[in-house]
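See below for the structure under consideration.
2 protein chains.
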Amino acid sequence: MDKRQARPYHSESLARGLMVIRAFGHDHPRLRAIDVARRTGLNRAAARRYLLTLQDLGYVGSKGDYFYLRPRLLDLGFSYLTSIGVEDIVQPVLSRISERTQASSTFAVLDRDEVVFVARAPSKGIFMLATSIGGRVAAHATTLGQVLLAAMPPAELNRYLAESKRVAFTKWTITDADALKRKLDRIRADGYPLCSSEQYEGIVAAAVPVHNQRGEVVAAVNINMYPANASKVKVARQYVGILREEVRELEAALQAHSYFSSAATRRAPRNLPALNTQ
Amino acid sequence: MDKRQARPYHSESLARGLMVIRAFGHDHPRLRAIDVARRTGLNRAAARRYLLTLQDLGYVGSKGDYFYLRPRLLDLGFSYLTSIGVEDIVQPVLSRISERTQASSTFAVLDRDEVVFVARAPSKGIFMLATSIGGRVAAHATTLGQVLLAAMPPAELNRYLAESKRVAFTKWTITDADALKRKLDRIRADGYPLCSSEQYEGIVAAAVPVHNQRGEVVAAVNINMYPANASKVKVARQYVGILREEVRELEAALQAHSYFSSAATRRAPRNLPALNTQ
DNA sequence: GCGCATATGTACGATAATCGCGCAAATCGC
DNA sequence: GCGATTTGCGCGATTATCGTACATATGCGC
Numbered sequence: 171m172d173k174r175q176a177r178p179y180h181s182e183s184l185a186r187g188l189m190v191i192r193a194f195g196h197d198h199p200r201l202r203a204i205d206v207a208r209r210t211g212l213n214r215a216a217a218r219r220y221l222l223t224l225q226d227l228g229y230v231g232s233k234g235d236y237f238y239l240r241p242r243l244l245d246l247g248f249s250y251l252t253s254i255g256v257e258d259i260v261q262p263v264l265s266r267i268s269e270r271t272q273a274s275s276t277f278a279v280l281d282r283d284e285v286v287f288v289a290r291a292p293s294k295g296i297f298m299l300a301t302s303i304g305g306r307v308a309a310h311a312t313t314l315g316q317v318l319l320a321a322m323p324p325a326e327l328n329r330y331l332a333e334s335k336r337v338a339f340t341k342w343t344i345t346d347a348d349a350l351k352r353k354l355d356r357i358r359a360d361g362y363p364l365c366s367s368e369q370y371e372g373i374v375a376a377a378v379p380v381h382n383q384r385g386e387v388v389a390a391v392n393i394n395m396y397p398a399n400a401s402k403v404k405v406a407r408q409y410v411g412i413l414r415e416e417v418r419e420l421e422a423a424l425q426a427h428s429y430f431s432s433a434a435t436r437r438a439p440r441n442l443p444a445l446n447t448q
Numbered sequence: 171m172d173k174r175q176a177r178p179y180h181s182e183s184l185a186r187g188l189m190v191i192r193a194f195g196h197d198h199p200r201l202r203a204i205d206v207a208r209r210t211g212l213n214r215a216a217a218r219r220y221l222l223t224l225q226d227l228g229y230v231g232s233k234g235d236y237f238y239l240r241p242r243l244l245d246l247g248f249s250y251l252t253s254i255g256v257e258d259i260v261q262p263v264l265s266r267i268s269e270r271t272q273a274s275s276t277f278a279v280l281d282r283d284e285v286v287f288v289a290r291a292p293s294k295g296i297f298m299l300a301t302s303i304g305g306r307v308a309a310h311a312t313t314l315g316q317v318l319l320a321a322m323p324p325a326e327l328n329r330y331l332a333e334s335k336r337v338a339f340t341k342w343t344i345t346d347a348d349a350l351k352r353k354l355d356r357i358r359a360d361g362y363p364l365c366s367s368e369q370y371e372g373i374v375a376a377a378v379p380v381h382n383q384r385g386e387v388v389a390a391v392n393i394n395m396y397p398a399n400a401s402k403v404k405v406a407r408q409y410v411g412i413l414r415e416e417v418r419e420l421e422a423a424l425q426a427h428s429y430f431s432s433a434a435t436r437r438a439p440r441n442l443p444a445l446n447t448q
């Protein structure tokens, strides 16, 4: 009846188990069954069952009453990384970009209003962004995010502009919807965004989009520089050529692979009029 | 009855859902429901239910009949990475090591007979190992693996030597159990292993163990060099000092964090005599 | 040393989540 | 156009999962 939304196509056990994994993290690297229960809202017995299941599968370990995550969890993310071809295709290109531009470079995709770092090649300098693979930052304050936002369908972009609350990381961060919209317009005209200190003071960055064979933007690649190496935005602008050149090859290589290709949408939906299956 | 092993503490749905995720990968970046069913051994309807669940949760997407993994999956591995403090603690140390030794460095842990790469800092050169975060290699052929094997309890080590089948990557790879045992003995005496071309032709590497506050080896850090930079093993040996020095600070920092500390094993097991909870 | 508070491990009946078959509709290859 | 596949979904059967309960064990305050 109305007890709960009936969703016969939804496995609650799986959802709850994944919730258990996410209960762990930087501030909570070791948790007891009851800690997990409290953090997830599950019953203690249930939380314990999921923990023991995950332990059987090798994803978590335990010592005394405490549970902790084990490196096998990286396999799950690794499935994603290999499915888009990070090791074989993306990483070599990033390395070449870093080498040719003396800047660190990053390959990233959009997930809702955040940019997710998928691959990265550091520069020769000491410089190393703190966030690592799988890390996320708000889209509005990075070149990666801006180039991805600029490629959004208008309707979706308007929803983003309306719903996302954009915080300022520095005084140059663009948070205002109209200002951001103007910047995105400029990006569409130029083909790439330049950021100066919008996320980190003193960092200059440029990004270019990565297209699949149908011309859709599926990812972005950027370079980050120190002002010491590139005190003028000019320099960044000059490197955009290299970035474009390398990304063109990246696109070709990615299209040979099938993840982004979106080639065979074998069938249209049955009854419904082509719902956007997101 | 005897239909199936009754395991009231085990959630099959969670296990099956995770199996679905692992059905994807490099050669299978896009799968239909029935493909997943075949690859996992699940019923098609069940596979589809798990896929739809994962889609609801944002871990997979779909286009037409095809499903694909989404970047949110990286969050799961990210939970592990942040729980051991990769970003805050490990990465800065690795960067310093790479800078001081001009070599790429890696932080890794052991999972059964494999080494899992957890964090990495590339060297200044072009050199970049293919495998990325979450990647695995057989333990016996890398300095990382050897230093971790050398620290294993004797019983476990013997089991490893007996059960693991060790393949040769180059003609210098040590695969013989006795030879490996001798090398591990030497490592215990020296405190660190040196590898020359055991995994890749021409690569020289050295590793040191990372201890928790109880003196247990919980991870390892290594450096990899090109013969061009270090044609003599001597050079590697000289860098071990730097490696040791930095890792000592790493250990101090990690101990402040609680993941590896294994501090409060609050209670001993109830009835059983302190079973090794793996 | 003695409660009090809290956590664990396990059992068990109730319930609802999950299973897997079966079918109509839609697509592909030939 | 036809046979072979696959999808989406409904539905009854079954069993996996829930959550309460209880004995046991630990830590802490006094």
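Protein chains in written order, with our numbering: chain Z, 171 to 448; chain A, 171 to 448.
For glycine and all other residues, C-beta sits at the position ideal for the given N, C-alpha and C.
Three-state secondary structure assigned by DSSP to residue i
{"i": "Ile395(A)", "result": "It is worth fixing the name first, because residue 395(A) is Met in this sequence and not Ile. Note: Met395(A) maps to strand in three-state DSSP."}
{"i": "Arg358(Z)", "result": "helix"}
{"i": "Thr276(Z)", "result": "strand"}
{"i": "Arg336(A)", "result": "coil"}
{"i": "Gly247(A)", "result": "helix"}
{"i": "Leu364(A)", "result": "strand"}
{"i": "Ser232(A)", "result": "strand"}
{"i": "Asp281(A)", "result": "strand"}
{"i": "Tyr238(Z)", "result": "strand"}
{"i": "Gly187(A)", "result": "helix"}
{"i": "Gln175(Z)", "result": "Bear in mind that the predicted position of Gln175(Z) carries a pLDDT of just 42, short of 50, making it unreliable; the figure below should be weighed with that in mind. Correct three-state label for Gln175(Z): coil."}
{"i": "Arg200(Z)", "result": "strand"}
{"i": "Ala377(A)", "result": "strand"}
{"i": "Ala444(Z)", "result": "Residue placement at Ala444(Z) cannot be trusted, given a pLDDT of 35 that sits under 50; what the coordinates show is reported in the next sentence. Correct three-state label for Ala444(Z): coil."}
{"i": "Ala321(Z)", "result": "coil"}
{"i": "Gly411(Z)", "result": "helix"}
{"i": "Gly304(Z)", "result": "coil"}
{"i": "Arg290(Z)", "result": "strand"}
{"i": "Pro439(A)", "result": "Its pLDDT being 44, under 50, Pro439(A) is placed unreliably by the model, and nothing is read from it."}
Per-residue burial, residue i [other beta carbons within 10 Å of its own, 16 or more giving buried]
{"i": "Ala321(A)", "result": "buried"}
{"i": "Asn213(Z)", "result": "exposed"}
{"i": "Val337(Z)", "result": "exposed"}
{"i": "Arg192(A)", "result": "exposed"}
{"i": "Ile303(A)", "result": "buried"}
{"i": "Pro323(A)", "result": "exposed"}
{"i": "Asn394(A)", "result": "buried"}
{"i": "Gly255(A)", "result": "buried"}
{"i": "Gly211(Z)", "result": "exposed"}
{"i": "Ile267(A)", "result": "buried"}
{"i": "Arg174(Z)", "result": "With a pLDDT of 38 at Arg174(Z), under the threshold of 50, the predicted position of this residue should be treated as unreliable, though the coordinate-derived value follows. Exposed, since its Cβ has fewer than 16 Cβ neighbours within 10 Å."}
{"i": "Val388(A)", "result": "buried"}
{"i": "Asn328(A)", "result": "exposed"}
{"i": "Arg352(Z)", "result": "exposed"}
{"i": "Ala422(A)", "result": "exposed"}
{"i": "Gly305(A)", "result": "buried"}
{"i": "Glu333(A)", "result": "exposed"}
{"i": "Gln261(Z)", "result": "buried"}
{"i": "Ser183(Z)", "result": "buried"}
{"i": "Gln316(A)", "result": "buried"}
{"i": "Ile259(A)", "result": "buried"}
{"i": "Arg290(A)", "result": "buried"}
{"i": "Ala426(Z)", "result": "exposed"}
{"i": "Arg240(Z)", "result": "buried"}
Nearest-angstrom beta carbon gap, residue j and residue i [assumed within contact, 8 Å]
{"i": "Leu246(A)", "j": "Leu201(Z)", "result": "Actually they are not in contact, since the Cβ atoms of Leu246(A) and Leu201(Z) sit about 16 Å apart, beyond 8 Å."}
{"i": "Ala479(Z)", "j": "Pro363(Z)", "result": "For chain Z, the structure presents residues 171 to 448; residue 479(Z) sits outside this window and is missing."}
{"i": "Ser181(Z)", "j": "Gly187(A)", "result": "6 Å"}
{"i": "Ser265(A)", "j": "Pro199(Z)", "result": "With a Cβ gap of about 22 Å, Ser265(A) and Pro199(Z) do not count as contacting."}
{"i": "Val378(Z)", "j": "Leu413(Z)", "result": "5 Å"}
{"i": "Leu314(Z)", "j": "Ala390(Z)", "result": "5 Å"}
{"i": "Val263(A)", "j": "Glu415(A)", "result": "Wrong, their Cβ atoms sit about 10 Å apart, outside the cutoff."}
Review point. Is it a yes or a no for the stretch 230-239 of chain A touching the stretch 354-374 of chain A, going by three-plus beta-carbon pairs under 8 Å?
Key: no
**Study point:** Within 8 Å of chain A by C-beta, residues of the stretch 226-238 of chain Z in sequence order
**Key:** Asp226, Leu227, Gly228, Tyr229, Gly231, Ser232, Lys233, Gly234, Asp235, Tyr236 and Tyr238
Practice item. Mind the definition here: the stretch 337-351 of chain Z touches the stretch 366-377 of chain Z only if three or more C-beta pairs lie below 8 Å; say whether that holds. Key: yes
Review point. For the stretch 267-283 of chain Z, which residues have a beta carbon sitting closer than 7 Å to at least one beta carbon of chain A?
Key: Glu269, Val279 and Asp281
**Study point:** Contact set between the stretch 182-206 of chain A and chain Z, restricted to residues whose Cβ is under 7 Å from the partner
**Key:** Ser183, Leu184, Ala185, Gly187, Leu188, Ile191, Arg192, Phe194, Gly195, His196, Pro199 and Arg200
Review point. Between the stretch 236-259 of chain A and chain Z, which residues of the former have CB atoms less than 9 Å from a CB of the latter, in chain order?
Key: Tyr236, Tyr238, Leu239, Arg240, Pro241, Arg242, Leu243, Leu244, Asp245, Leu246, Gly247, Phe248, Ser249, Tyr250, Leu251, Thr252, Ser253, Ile254, Gly255, Val256, Glu257 and Asp258
Check your understanding: Counting pairs of Cβ atoms below 8 Å between the stretch 214-224 of chain A and the stretch 213-232 of chain Z, do you hit three or more?
Key -> no
Point to revise | Cβ contact check for the stretch 277-287 of chain Z and the stretch 279-287 of chain A: 3 or more pairs under 8 Å | key: no
Point to revise | Residues from the stretch 343-366 of chain A in contact with chain Z, defined by Cβ distance under 7 Å | key: none
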